[in-house]
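Number of protein chains: 2
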Amino acid sequence: MTDKADPQDPRVSFQELKLLLKAILINNRTSSETADILAENCAGCERDNALSHGIFRMPGYVDSLRSGWVDGRAVPDIAQFGPSFIRIDARNGFAQRALASADQLIRRTVRETGIAIVAIRNSHHFSALWPDVEPFALAGYMAITAVNGLANVVPHGGRLAVYGTNPIAFAVPVHDAQPLVVDQATSVMANGEVRLHALANKPVPSGTGVDRDGNPTIDPHAILAGGALNTFGGYKGSSIALFVEILAGAVTGGQFSFENDFTGFPGAQTPKAGQLLIVIDPNCGGLTNFESRLALLCAQLVDAGQDRLPGARRFANRAAADQSGIPIALGELQRLRTLAGEGS
Amino acid sequence: MTDKADPQDPRVSFQELKLLLKAILINNRTSSETADILAENCAGCERDNALSHGIFRMPGYVDSLRSGWVDGRAVPDIAQFGPSFIRIDARNGFAQRALASADQLIRRTVRETGIAIVAIRNSHHFSALWPDVEPFALAGYMAITAVNGLANVVPHGGRLAVYGTNPIAFAVPVHDAQPLVVDQATSVMANGEVRLHALANKPVPSGTGVDRDGNPTIDPHAILAGGALNTFGGYKGSSIALFVEILAGAVTGGQFSFENDFTGFPGAQTPKAGQLLIVIDPNCGGLTNFESRLALLCAQLVDAGQDRLPGARRFANRAAADQSGIPIALGELQRLRTLAGEGS
């Protein structure tokens with residue numbers, strides 16, 4: 001589902017797209033500061049061809065904001081406990097806003113103590129995780145993050161959804177190269193991908209999920225309509241989903257994926273959950289060679305025949321978009337402009 | 001490979017087994033302090049029926065110690081950088097000794113700052129990881145650890161071994177119940193399990209690994225003789241193996257799995273690598289309900305039909321062994337006694 005659009009599609013610049021998305025959010029109960037952060041994030045996903053978290057998500061943002069389920073004007077409450085431990089109450093706003101507001105504190109904490117743990121609760125996350133970790137890798141740090149979500153994944157051997165798609169991501173700097181950035185759902189497939197399959201009426205691969213009765217299905221509509229996804233990698237992948245659920249749903253003091261309840265908020269789509277972030281200075285204590293060590297590891301992976309390093313495709317897509325603009329189908333662009341109130 | 005031995009087998013107490021194993025290690029170039037730690041660890045694996053890390057490992061310990069590859073008398077060098085950041089140079093000794101020597105410092109660091117990161121380099125790890133995290137969960141903390149090893153796992157899509165079996169483990173306390181303890185290799189199968197299959201001449205499941213030419217095989221001997229294991233869960237599992245390799249092999253300042261070189265040390269088996277440990281006080285900042293939240297999550301997993309919570313089987317095995325002793329085949333017991341110098 002990552003094929004680029006028609007070569008005849010209009011091309012827009014990153015700035016143009018970002019401003020358009022920002023206008024949509026401001027029109028829909030979001031403060032200018034938070035709209036700026038979310039628009040940058042969403043436009044970045046579209047630019048990098050991470051389409052399941054690109055403009056495809058805008059109606060979900062808008063419907064959730066209009067429903068009152070998420071507060072686009074929330075100002076996060078940031079508190080430091082101990083020299084390396086930061087807790088943030090996002091006050092029912094977006095996790096990205098919470099992270100942005102704490103950014104300077106997080107960076108100072110890592111610089112001064114070698115590690116920062118940031119536990120965000122009462123927050124909504126409706127995007128990819130790589131935008132949350134990549135900046136720290138660009139600053140020379142290793143960043144790890146995990147988010148739980150809306151219960152739509154069955155534990156291995158189970159019948160009912162307990163976990164969200166519970167993504168986990170990490171990023172590290174590499175000498176003389178782009179950072180290594182991994183961002184993956186612990187479900188067999190990301191929920192956004194299932195929704196793209198449903199929109200295209202394309203079946204999902206066997207083993208992806210179950211229907212509302214717990215029977216295996218390749219129908220994306222059945223998975224979305226009361227069914228659930230499987231975790232990746234059998235019981236071991238299920239343990240990683242559990243790991244994320246604990247970090248994001250419990251260590252944060254947030255809520256579990258199965259505790260989301262949209263009743264009373266028609267149109268709500270953004271999962272209210274928690275996010276845990278750990279940022280490590282890998283050279284803390286006088287080491288100097290982390291980035292060159294990572295370059296050696298990457299070279300070994302390439303030698304071993306790994307065809308593509310994690311994150312490489314996104315960086316290539318980004319470079320292409322920076323050169324030629326971001327292709328967006330005319331109909332999509334018109335829909336976005338309508339949402340922004342620019343035309344009918 | 002976790003079937004208990006013959007009901008007719010002799011039963012030994014945990015203390016009896018531990019003292020026997022300690023004598024073996026002391027007879028083989030290990031200090032009394034380190035022998036005590038490793039014997040407790042290995043006897044604990046046997047007691048919990050985690051047989052791939054039980055007494056089956058003793059010849060490997062002995063051969064490695066005799067070869068001079070690992071230093072059983074090493075005294076670790078512990079240094080604190082920043083309030084929450086601890087680095088340990090194990091000085092070519094065992095990681096378990098490094099952890100034991102730093103135990104009080106780690107606990108004080110978590111208690112006072114809410115988090116401790118412990119980066120161990122220049123260390124050997126030849127056992128399971130659960131013994132390294134379970135004690136912290138029993139003290140009310142969440143502990144996460146990762147170890148790299150000896151290159152015998154191919155990255156997804158690759159042809160050559162880069163990763164070790166790179167296990168990752170975590171443990172959390174649960175109100176009114178045993179801790180939840182996950183400990184799993186990021187390979188499809190743990191190397192110890194492959195060795196047990198080879199000893200029993202039992203084929204491994206399809207998809208477990210490749211032979212020395214990179215072709216898929218179900219012959220455990222072919223995997224051990226220059227072949228390699230696959231990572232679990234396709235490219236997503238491969239990313240988790242990468243995560244472990246970076247944490248244990250690079251953040252620690254240790255060496256990568258593919259940098260092990262046994263040349264000049266005939267008999268050496270213990271992988272010289274690194275270990276990263278993160279211990280978190282999940283109630284840091286005035287929270288009080290982490291353990292009861294975990295109890296809720298566990299109840300939900302049971303409701304969803306998950307047949308067994310991670311770690312539960314080991315705790316059940318332990319209770320049975322505490323009651324009736326640890327069954328060990330007579331031949332095995334005699335071999336251990338010979339190694340300890342008690343018989344012929």
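Quick note, the sequences are listed as chains B and U, same order. Mapping to my numbering: the first sequence position 265 is 265, numbers consecutive. Mapping to my numbering: the second sequence position 53 is 53, numbers consecutive. The C-beta atom is built at its ideal place from N, Cα and C for all residues, glycine as well. All values derive from a computational prediction rather than experimental measurement.
Member of the options whose CA lies at the smallest distance from the CA of residue i
{"i": "residue 171 of chain U", "options": "U/200, U/149, U/134, U/152", "result": "U/134"}
{"i": "residue 144 of chain U", "options": "B/328, B/244, B/41", "result": "B/244"}
{"i": "residue 72 of chain U", "options": "U/107, U/126, U/115, U/56", "result": "U/126"}
{"i": "residue 167 of chain B", "options": "B/241, B/330, B/308", "result": "B/241"}
{"i": "residue 288 of chain B", "options": "U/272, U/318, U/142, U/250", "result": "U/250"}
{"i": "residue 129 of chain B", "options": "B/153, B/248, B/214", "result": "B/248"}
{"i": "residue 206 of chain B", "options": "B/200, B/231, B/192", "result": "B/231"}
{"i": "residue 338 of chain U", "options": "U/20, U/11, U/211, U/16", "result": "U/20"}
{"i": "residue 177 of chain U", "options": "U/94, U/297, U/214, U/63", "result": "U/297"}
{"i": "residue 194 of chain U", "options": "U/165, U/160, U/214", "result": "U/165"}
{"i": "residue 37 of chain U", "options": "U/160, U/96, U/214", "result": "U/96"}
{"i": "residue 186 of chain B", "options": "U/63, U/336, U/237", "result": "U/237"}
{"i": "residue 113 of chain U", "options": "U/299, U/285, U/200", "result": "U/285"}
{"i": "residue 196 of chain U", "options": "U/213, U/56, U/103", "result": "U/56"}
Sub-7 Å separation of residue i and residue j beta-carbons
{"i": "residue 18 of chain B", "j": "residue 35 of chain B", "result": "no"}
{"i": "residue 328 of chain U", "j": "residue 9 of chain U", "result": "yes"}
{"i": "residue 229 of chain U", "j": "residue 209 of chain U", "result": "yes"}
{"i": "residue 83 of chain U", "j": "residue 83 of chain B", "result": "yes"}
{"i": "residue 258 of chain B", "j": "residue 151 of chain B", "result": "yes"}
{"i": "residue 158 of chain B", "j": "residue 304 of chain U", "result": "yes"}
{"i": "residue 184 of chain U", "j": "residue 239 of chain B", "result": "yes"}
{"i": "residue 120 of chain U", "j": "residue 270 of chain U", "result": "no"}
{"i": "residue 52 of chain U", "j": "residue 265 of chain U", "result": "no"}
{"i": "residue 110 of chain U", "j": "residue 141 of chain U", "result": "yes"}
{"i": "residue 341 of chain U", "j": "residue 27 of chain U", "result": "yes"}
{"i": "residue 155 of chain U", "j": "residue 306 of chain B", "result": "yes"}
{"i": "residue 148 of chain B", "j": "residue 50 of chain B", "result": "no"}
{"i": "residue 29 of chain U", "j": "residue 65 of chain U", "result": "yes"}
Own chain, CB closer than 7 Å to residue i, minus 5 neighbours either side, in chain order
{"i": "residue 122 of chain B", "result": "89, 90, 91, 92, 254"}
{"i": "residue 350 of chain U", "result": "Look at the range of chain U in this structure, 1 to 344, and you will see that residue 350 of chain U is not part of it."}
{"i": "residue 261 of chain U", "result": "none"}
{"i": "residue 101 of chain B", "result": "76, 78"}
{"i": "residue 54 of chain U", "result": "42, 45, 46"}
{"i": "residue 318 of chain B", "result": "47, 48"}
{"i": "residue 32 of chain U", "result": "26"}
{"i": "residue 136 of chain U", "result": "143, 171, 279"}
{"i": "residue 2 of chain B", "result": "Low per-residue confidence applies at residue 2 of chain B: pLDDT is 41, beneath 50, and the placement is therefore not dependable enough to give any value."}
{"i": "residue 190 of chain B", "result": "52, 165"}
{"i": "residue 214 of chain U", "result": "159"}
{"i": "residue 324 of chain U", "result": "11"}
{"i": "residue 201 of chain U", "result": "none"}
Close-in-space but distant-in-sequence residues of the same chain around residue i (CB under 8 Å, 5 per side omitted)
{"i": "residue 14 of chain B", "result": "43, 44, 47, 321, 322, 326"}
{"i": "residue 60 of chain U", "result": "126, 269, 270"}
{"i": "residue 233 of chain U", "result": "240"}
{"i": "residue 7 of chain U", "result": "327"}
{"i": "residue 138 of chain U", "result": "173, 179"}
{"i": "residue 63 of chain U", "result": "267, 268, 269"}
{"i": "residue 314 of chain U", "result": "48, 49, 50, 130, 181"}
Contacting residues, own chain, Cβ-Cβ under 6 Å from residue i (five flanking each side not counted)
{"i": "residue 334 of chain U", "result": "none"}
{"i": "residue 163 of chain U", "result": "153, 241, 245, 257"}
{"i": "residue 124 of chain B", "result": "70, 94, 270, 272"}
{"i": "residue 40 of chain U", "result": "18"}
{"i": "residue 105 of chain U", "result": "none"}
{"i": "residue 146 of chain B", "result": "168, 244, 247, 248, 276"}
{"i": "residue 74 of chain U", "result": "91, 92, 93"}
Assumed close pair residue i, residue j - CB separation to whole angstroms, cut-off 8 Å
{"i": "residue 291 of chain U", "j": "residue 203 of chain U", "result": "Not a contact, Cβ separation roughly 43 Å."}
{"i": "residue 311 of chain B", "j": "residue 181 of chain B", "result": "3 Å"}
{"i": "residue 115 of chain B", "j": "residue 117 of chain U", "result": "5 Å"}
{"i": "residue 175 of chain U", "j": "residue 198 of chain U", "result": "Contact doesn't hold; Cβ gap of about 42 Å is too wide."}
{"i": "residue 24 of chain B", "j": "residue 58 of chain B", "result": "6 Å"}
{"i": "residue 301 of chain B", "j": "residue 294 of chain B", "result": "Not quite, the Cβ-Cβ distance comes to about 10 Å (not below 8 Å), so this is no contact."}
List in chain order: all unbroken alpha helix (DSSP H) runs of 4+ residues lying wholly within the region 283–308 of chain U.
290–303
Which ranges would you report for the beta strand (DSSP E) in the region 196–254 of chain U if only whole runs of at least 3 residues count?
228–230
Whole runs of the alpha helix (DSSP H) within the region 110–135 of chain U, excluding any shorter than 4 residues
none
Jot down the residue ranges of each uninterrupted alpha helix (DSSP H) in the region 32–113 of chain U, minimum 4 residues, whole runs only, in chain order.
32–47, 58–67, 95–113
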